[in-house]
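Quick note, the sequences are listed as chains A and B, same order.
Here the first sequence stands for residues 1 to 360, numbered as in our numbering.
Here the second sequence stands for residues 1 to 360, numbered as in our numbering.
Following: one structure in structure tokens, then a few remarks.
2 protein chains.
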Amino acid sequence: MKRYGIIMAGGSGTRFWPLSRKKLPKQFLNLTGKDSMLNETIDRLLPVIAGEDIFVVTNEAYTELTYGTVEGRLRPDHILSEPAARNTAACIGYAAMEILRKYGDGVMGIFASDHYIRDTEGFCRVLEQAMTEAERTDRLVTIGIRPTFPSTGYGYIRRETKTDADTGTGEAHKVKEFVEKPDAETAKAYFSSGDYLWNSGMFVWKASVILEQFAKLLPDIYADLLRIGDSMGTAQEKEVIREIYPNIHKISVDYGIMERADNVVVLEGDFGWSDVGSLDALGGLYPSDENGNQRFGEQVSLDTAECISYSKDKLIALIGVKDLIVVEGEETILVCEKNRAQDVKQIVEKLEADGKMRYL
Amino acid sequence: MKRYGIIMAGGSGTRFWPLSRKKLPKQFLNLTGKDSMLNETIDRLLPVIAGEDIFVVTNEAYTELTYGTVEGRLRPDHILSEPAARNTAACIGYAAMEILRKYGDGVMGIFASDHYIRDTEGFCRVLEQAMTEAERTDRLVTIGIRPTFPSTGYGYIRRETKTDADTGTGEAHKVKEFVEKPDAETAKAYFSSGDYLWNSGMFVWKASVILEQFAKLLPDIYADLLRIGDSMGTAQEKEVIREIYPNIHKISVDYGIMERADNVVVLEGDFGWSDVGSLDALGGLYPSDENGNQRFGEQVSLDTAECISYSKDKLIALIGVKDLIVVEGEETILVCEKNRAQDVKQIVEKLEADGKMRYL
Chain A
1 MKRYGIIMAG
11 GSGTRFWPLS
21 RKKLPKQFLN
31 LTGKDSMLNE
41 TIDRLLPVIA
51 GEDIFVVTNE
61 AYTELTYGTV
71 EGRLRPDHIL
81 SEPAARNTAA
91 CIGYAAMEIL
101 RKYGDGVMGI
111 FASDHYIRDT
121 EGFCRVLEQA
131 MTEAERTDRL
141 VTIGIRPTFP
151 STGYGYIRRE
161 TKTDADTGTG
171 EAHKVKEFVE
181 KPDAETAKAY
191 FSSGDYLWNS
201 GMFVWKASVI
211 LEQFAKLLPD
221 IYADLLRIGD
231 SMGTAQEKEV
241 IREIYPNIHK
251 ISVDYGIMER
261 ADNVVVLEGD
271 FGWSDVGSLD
281 ALGGLYPSDE
291 NGNQRFGEQV
301 SLDTAECISY
311 SKDKLIALIG
321 VKDLIVVEGE
331 ETILVCEKNR
341 AQDVKQIVEK
351 LEADGKMRYL
Chain B
1 MKRYGIIMAG
11 GSGTRFWPLS
21 RKKLPKQFLN
31 LTGKDSMLNE
41 TIDRLLPVIA
51 GEDIFVVTNE
61 AYTELTYGTV
71 EGRLRPDHIL
81 SEPAARNTAA
91 CIGYAAMEIL
101 RKYGDGVMGI
111 FASDHYIRDT
121 EGFCRVLEQA
131 MTEAERTDRL
141 VTIGIRPTFP
151 STGYGYIRRE
161 TKTDADTGTG
171 EAHKVKEFVE
181 KPDAETAKAY
191 FSSGDYLWNS
201 GMFVWKASVI
211 LEQFAKLLPD
221 IYADLLRIGD
231 SMGTAQEKEV
241 IREIYPNIHK
251 ISVDYGIMER
261 ADNVVVLEGD
271 FGWSDVGSLD
281 ALGGLYPSDE
291 NGNQRFGEQV
301 SLDTAECISY
311 SKDKLIALIG
321 VKDLIVVEGE
331 ETILVCEKNR
341 AQDVKQIVEK
351 LEADGKMRYL
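If you want it as structure tokens, here you go:
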């Protein structure tokens with residue numbers, strides 16, 4: 001069965017400011033020194049999914065940037081533009097309809113464009129299993145990450161203890177429930193139980209199968225998707241999408257489908273995954289020196305420990321400091337206590353309120 | 001009697017790195033947002049000393065930079081170039097000889113080019129007294145600063161308790177001794193005694209009088225100065241200076257003359273003086289917000305206290321930090337615990353050892 005990759009690249013979050021900007025969201029950043037997160041996501045899929053079968057769904061605002069970033073890696077007509085950000089259900093439904101109507105049914109994997117994976121081979125092994133699983137069964141397959149610490153920053157997937165003997169690979173577990181980000185105590189319990197995996201937001205299913213779930217669980221969205229689908233290949237396609245898309249029900253696929261469907265299985269992955277959700281996560285991307293300092297770009301330090309520095313052009317010199325994140329943005333320098341990384345959004349809001357848009 | 005101003009601008013210190021660089025020492029920096037420290041020093045003298053009678057002595061390496069900085073404020077032939085840095089005695093002796101031989105005797109005031117003075121009027125009042133004092137008597141007049149805290153970073157001048165009734169102004173005190181930077185306990189004793197003033201390095205005397213002191217206390221330097229003086233106005237002047245200067249005895253005027261002369265008096269000044277000796281001194285130049293944060297350039301902060309930030313181009317965003325100095329240099333970002341400001345020189349040494357000269 002044909003395999004497709006769908007990379008969601010429409011995000012415009014502020015949690016990675018000042019590296020991410022309104023005009024340059026995180027998926028377009030080069031955080032590893034190798035390539036943009038989007039291109040790294042594409043390249044990572046290639047052992048399992050042919051490049052000509054990979055799609056990027058992005059916001060209209062980032063379409064040009066996406067073309068420029070992927071530079072011929074993908075077919076131009078595989079870059080799909082959303083006229084408005086309507087959360088992941090709409091995005092995935094649109095891509096499923098695109099595949100089914102234009103290319104025929106197939107197994108599609110859904111991936112974020114701004115996550116980090118250390119072990120590409122390990123990832124590909126699990127993705128291969130997931131693809132096989134979704135091909136042989138009509139199930140919704142999700143890849144859960146074996147927790148490496150009791151994170152309060154991720155949602156969890158609770159799986160059945162026993163593996164699911166009915167599945168093709170024999171390594172999938174039925175999913176009992178999806179749970180939201182836990183408090184510290186609950187996270188510890190999840191971590192030690194062994195039945196909880198991090199929800200990575202990676203899904204694999206047949207285009208036809210997920211659209212059936214839309215019909216069943218999100219019929220309003222399904223109706224919109226059908227109208228879009230009917231326009232596909234006609235002269236009106238763009239116009240119809242522009243008309244319908246901005247009003248599609250805004251809901252995540254997790255909340256709208258995964259938490260409610262009864263045919264969800266999870267495969268466990270352990271390949272150094274991170275959603276790189278806030279600046280402190282940069283620490284996971286770079287090696288540590290003998291004092292636990294991590295850096296991208298030039299750093300020199302004296303009596304400094306457990307600091308993360310990121311700079312493109314400038315040397316970052318640190319003296320007598322600990323547990324700091326120091327980031328050189330294009331027009332901003334951020335110095336942030338490590339466990340306050342999530343509060344950059346408050347600074348962004350402050351700047352927005354003060355009309356200092358040039359820094360955003 | 002004619003009054004002259006001598007501004008010493010040959011320094012190339014590293015204590016203000018990364019703002020000061022080898023190619024742009026502190027005296028050429030604009031730390032206040034108004035003008036370079038050198039130009040502010042010149043402008044500050046103008047109520048007491050005519051601009052056409054002000055000299056700058058600098059190192060050959062900075063002569064062009066000095067011309068460019070003072071931009072017609074001074075007579076071009078009043079910018080004197082030292083072929084080598086030989087400490088303050090040589091510099092002052094050279095300037096005194098220049099004045100005596102080329103313009104005739106007069107009262108000369110000696111000033112650093114990289115100090116900060118908040119209250120220019122107060123400064124000019126004391127300078128006027130000092131000029132009068134040096135004119136009426138053949139004494140070495142120094143301006144001591146009333147301490148505002150028990151600093152361990154300044155040398156002190158111990159004065160006689162009684163004012164010196166012999167002096168013209170009646171407000172001078174004879175100097176008992178010059179003392180080096182004290183430890184914290186001694187500094188406290190000095191501070192509470194009332195007999196100790198900070199040694200600001202500002203001196204006023206007749207050119208003829210200081211040269212007599214050279215003859216008496218530093219005869220080797222005096223001999224060199226005479227040879228330079230004899231060449232002045234001849235075609236060989238430059239050549240002679242280039243030959244002699246690099247070998248002049250290297251000693252400070254404090255150590256070579258002030259601590260040993262018996263005709264030294266001190267006038268007390270209280271005009272918001274600082275030698276801006278290390279980056280933490282920037283705090284004294286800028287107003288504080290309600291959390292004690294001080295800034296030059298744009299700063300935005302959240303749960304941040306007692307931090308100093310300096311940036312020319314970029315916004316500095318601070319989250320959850322305290323007692324930091326954050327500086328955007330041209331090619332470096334420094335983040336330094338406030339009481340470690342003096343340790344930037346260790347970073348400079350490290351970079352030098354690693355051959356990373358572009359950052360120096």
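Where a beta carbon is used, it is the ideal one built from N, C-alpha and C, also for glycine.
At a cut-off of 8 Å between beta carbons, Glu331(A) contacts chain B.
The CB of Ser200(B) never comes closer than 7 Å to any CB in chain A; the least such distance is about 28 Å. Taking the beta carbon of Leu351(B) as reference, the chain A residues within 7 Å of it are Val300, listed in sequence order.
Within chain B, no residue has its beta carbon less than 9 Å from that of Lys312(A); the closest one is some 11 Å off. Proximity of chain A to Gly355(B) at the Cβ level (cut-off 9 Å) is not reached, the minimal Cβ distance being about 13 Å. For Val253(A) against Thr88(A), the beta-carbon gap comes to about 4 Å, under 8 Å, which counts as contact. In terms of Cα proximity to Gly233(B), the closest of Thr152(B), Asp138(B), Lys102(B) is Lys102(B).
At least one CB atom of chain A sits nearer than 8 Å to the CB of Cys336(B).
Between Ile308(A) and chain B, the shortest Cβ-Cβ separation is not below 8 Å.
For Val56(B), the nearest beta carbon of chain A is not closer than 8 Å to its own beta carbon. DSSP, read as helix, strand or coil, puts Cys307(A) in coil. Looking only at Pro83(B), Lys206(B), Ile251(B), Val266(B), the smallest Cα-Cα distance to Pro219(B) is reached by Ile251(B).
By the criterion of at least three beta-carbon pairs nearer than 8 Å, the region 282 to 290 of chain A is not in contact with the region 126 to 138 of chain A. Boundaries of the beta strand (DSSP E) harbouring Ala112(B): 107 to 112, taken from the DSSP string. Within the same chain, Cβ atoms closer than 8 Å to the Cβ of Glu298(B) are found at Ser311, Lys314, Leu315, Ile316, the five residues on either side in sequence being excluded. By the C-beta criterion, the region 134 to 148 of chain A is judged to be in contact with the region 258 to 270 of chain A, since at least 3 inter-stretch pairs fall below 8 Å.
Residue contact check for Glu290(A) against chain B: no CB pair falls below 8 Å. Sequence-ordered contacts of the region 12 to 37 of chain B with chain A read Trp17, Pro18 [C-beta pairs closer than 9 Å]. Interface with chain A (8 Å Cβ-Cβ cutoff): Asp343(B) is included. The beta carbon of Leu360(B) sits no closer than 8 Å to any beta carbon of chain A.
Relative to Tyr116(B), the option among Glu180(B), Leu31(B), His78(B), Val179(B) whose CA is nearest is Leu31(B). Contacts with chain B (Cβ-Cβ distance below 7 Å) from the region 315 to 329 of chain A involve Leu315, Ile316, Ala317, Leu318, Ile319, Gly320, Val321, Leu324, Val326, Glu328, listed in chain order.
Note that the C-beta distance between Arg73(B) and Phe123(B) is not below 8 Å. Under a criterion of Cβ atoms nearer than 7 Å, the residues of chain B adjacent to Gln346(A) are, in order, Leu302. The count of Cβ pairs closer than 8 Å, one atom from the region 179 to 186 of chain B and one from the region 148 to 162 of chain B, reaches three, so the stretches are in contact.
About 7 Å separates the Cβ atoms of Val56(B) and His78(B), confirming a contact at the 8 Å cut-off.
Excluding its 5 nearest sequence neighbours in each direction, Ile319(A) has C-beta neighbours in its own chain below 6 Å: Leu302, listed in chain order. The Cβ atoms of Lys345(A) and Arg15(A) sit closer than 8 Å to each other. According to DSSP, residue pairing for Trp205(A) in a beta bridge involves Met108(A). When Lys22(B), Arg3(B), Ala9(B) are compared, the shortest CA-CA separation from Glu331(B) is found for Lys22(B). DSSP places Arg86(B) in the coil class of the three-state scheme, outside both helix and strand. Trp205(A) and Asn293(A) have their alpha carbons spaced roughly 41 Å apart. Distances from the alpha-carbon of Ile92(B) to those of Pro18(B), Ile7(B), Asn199(B), Asp195(B) put Ile7(B) closest.
Between Asp35(B) and the set Glu71(B), Pro18(B), Glu185(B), Tyr4(B), the nearest pair of CA atoms involves Glu71(B). Counted as a single uninterrupted DSSP element, the beta strand (DSSP E) harbouring Leu302(A) occupies residues 299 to 302. DSSP, read as helix, strand or coil, puts Leu74(A) in coil.
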